[in-house]
Amino acid sequence: MEAVIFVGIQAAGKSTFYKERFFDTHVRINLDMLKTRHRERVLLHACIGIQQRFVVDNTNPTVAERARYIEPARAAGFRIVGYYFPARVDESVARNEAREPRKRVPVKGIAGTHKRLQVPTLDEGFDELYSVRIDEHGRFVVEELAG
Numbered sequence: 003m004e005a006v007i008f009v010g011i012q013a014a015g016k017s018t019f020y021k022e023r024f025f026d027t028h029v030r031i032n033l034d035m036l037k038t039r040h041r042e043r044v045l046l047h048a049c050i051g052i053q054q055r056f057v058v059d060n061t062n063p064t065v066a067e068r069a070r071y072i073e074p075a076r077a078a079g080f081r082i083v084g085y086y087f088p089a090r091v092d093e094s095v096a097r098n099e100a101r102e103p104r105k106r107v108p109v110k111g112i113a114g115t116h117k118r119l120q121v122p123t124l125d126e127g128f129d130e131l132y133s134v135r136i137d138e139h140g141r142f143v144v145e146e147l148a149g
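In my numbering, each residue's number is its place in the sequence shown (first place is 1) plus 2.
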């Protein structure tokens, strides 16, 4: 049983990384798709209840926001793995502009999330923690993050 928590500003590559690495094995929990926290909680608790692997594909910028997923998953015996996407605002804004218009996030939203972003640490309850960046060829590079 594995719970994966993504951390990073909008347009940092989180959803693309999910599609490449977890699409075939983990349920995706994404607030943009589910629209309400109630629906998100229902899906989270369903995954925990049936011991289904899942990925929380949200920005999760603060320790408190991550705790809403870590605590119930940890209590149910899940292994908690974090992936931190340390993108710069200008890089994310450029990727955001390349999205189709209806999927774009306001630049103020990206900058606001960046201001609130707290780098995740193992002390939050992660069993493993990784950093994910996009290299000059557009490929994901995953490295262990010292916590």
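All residues carry an ideal CB built from backbone N, CA and C; glycine is no exception.
Residue i CB to nearest heavy atom of the ligand HEM below 7 Å
{"i": "residue 139", "result": "Ligands displayed in this structure: none; no statement on the ligand HEM is therefore possible."}
Residue closest to residue i, alpha-carbon to alpha-carbon, out of the options
{"i": "residue 85", "options": "142, 27, 3", "result": "142"}
{"i": "residue 150", "options": "93, 127, 112", "result": "There is simply no residue 150 to check, as the chain begins at 3 and stops at 149 in what is shown."}
{"i": "residue 147", "options": "5, 88, 53", "result": "88"}
{"i": "residue 66", "options": "108, 5, 126", "result": "126"}
{"i": "residue 54", "options": "5, 25, 134, 128", "result": "5"}
{"i": "residue 91", "options": "109, 130, 48", "result": "109"}
{"i": "residue 132", "options": "81, 145, 124", "result": "145"}
Residue i, DSSP secondary structure in three states
{"i": "residue 82", "result": "strand"}
{"i": "residue 19", "result": "helix"}
{"i": "residue 141", "result": "coil"}
{"i": "residue 119", "result": "coil"}
{"i": "residue 146", "result": "strand"}
{"i": "residue 107", "result": "coil"}
Start-to-end residues for the alpha helix (DSSP H) that takes in residue i
{"i": "residue 39", "result": "39-51"}
{"i": "residue 11", "result": "First-last for residue 11: undefined, no H or E at that position."}
{"i": "residue 99", "result": "91-99"}
{"i": "residue 65", "result": "65-77"}
Residue range of the beta strand (DSSP E) that includes residue i
{"i": "residue 29", "result": "29-31"}
{"i": "residue 130", "result": "130-136"}
Exercise. For the stretch 23-37 against the stretch 117-128, are there 3 or more C-beta pairs whose distance is under 8 Å?
Worked result: Under the three-pair Cβ rule at 8 Å, the stretch 23-37 does not count as touching the stretch 117-128.
Exercise. Are the stretch 55-73 and the stretch 9-25 in contact at 8 Å, needing three or more beta carbon pairs?
Worked result: Flag = yes, the stretch 55-73 and the stretch 9-25 touch.
Exercise. Are the stretch 17-25 and the stretch 64-73 touching, with three or more C-beta to C-beta distances below 8 Å?
Worked result: The count of Cβ pairs closer than 8 Å, one atom from the stretch 17-25 and one from the stretch 64-73, stays below three, leaving the stretches out of contact.
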